[in-house]
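A.B. asks:
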Amino acid sequence: MRRRATRPNVFRGLKRFGVYSTDWKYILIPTGVAYLLPFVFGLWFGYVPLGFPLGLFTFLVLLGTLNYLRLSKPECWLSHKFDAETDRRAAFRAPLNSELETTDWIRD
Numbered sequence: 003m004r005r006r007a008t009r010p011n012v013f014r015g016l017k018r019f020g021v022y023s024t025d026w027k028y029i030l031i032p033t034g035v036a037y038l039l040p041f042v043f044g045l046w047f048g049y050v051p052l053g054f055p056l057g058l059f060t061f062l063v064l065l066g067t068l069n070y071l072r073l074s075k076p077e078c079w080l081s082h083k084f085d086a087e088t089d090r091r092a093a094f095r096a097p098l099n100s101e102l103e104t105t106d107w108i109r110d
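Under the numbering used here, the residue at position 18 of the sequence shown is numbered 20, and the numbers go up by one with no gaps.
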């Protein structure tokens, strides 16, 4: 059987509109909230429900912001930043001898 060439971009992230597929949740969730909340509270601007222009504006602003941020950042930069903020930027280290006894996790 003949060996076939593999494509070099198979494992690269998929970008749509300049945003990686892993970052779309940071655009779609706030856009959905900005679109639905004016309908829940009954906010209208004349005969136009405020959810439509507010949702569209939120989508365009977030899309532009993430495109701007992604020009010089690596692929999973945003999710790593959020993880660091939730961990309060704590430095991780190996457990000390007093914190972890070897007999707790090694069985003979």
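Beta carbons are placed, not taken as given, at the ideal position from N, Cα and C, and that holds for glycine.
This structure is a prediction, so every number in the text was calculated from the model and none was measured.
Under a Cβ-count criterion, where at least 16 other Cβ atoms within 10 Å of its own Cβ denotes burial, should Tyr37 be classed as buried or exposed?
C.D. replies: buried
A.B. asks: For a test of the three-state rule: what should DSSP assign to Lys75, helix, strand or coil?
C.D. replies: coil
A.B. asks: Nearest by alpha-carbon distance to Phe61: which of Ala7, Ala93, Thr33 is it?
C.D. replies: Thr33
A.B. asks: If you compare alpha carbons, which of Gly48, Cys78, Asp89 is closest to Trp26?
C.D. replies: Residue Cys78 holds the alpha-carbon nearest to the alpha-carbon of Trp26 among Gly48, Cys78, Asp89.
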